[in-house]
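Note sheet for the following structure.
Numbering (the numbering used here), first residue to last: 251 to 322.
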């Protein structure tokens with residue numbers, strides 16, 4: 251039996267079954283996000299707060315007496 255040139259062939263692709271561990275990536279992502287949020291809370295917020303306060307003013311005297319009086 252000869253095939254006509256007008257007939258179309260069907261290609262069957264075997265799709266792999268669904269991955270049962272698909273939620274593991276989301277859990278790992280949430281853990282990483284929580285760790286980064288905690289680090290920002292502990293280190294980032296205090297650093298931002300200190301930047302807003304400005305630099306402290308330090309008064310340095312123009313002359314310092316370094317002579318030591320020795321008594322006998």
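Built from N, CA and C at the ideal position, the CB exists for glycine as well.
Less than 6 Å between C-beta atoms, sequence neighbours within five positions excluded: which residues of the same chain meet that for residue i?
i           : result
residue 280 : none
Near residue i, which residues of its chain fall below 7 Å by C-beta distance, leaving aside the five closest residues on each side in sequence?
i           : result
residue 312 : none
residue 266 : none
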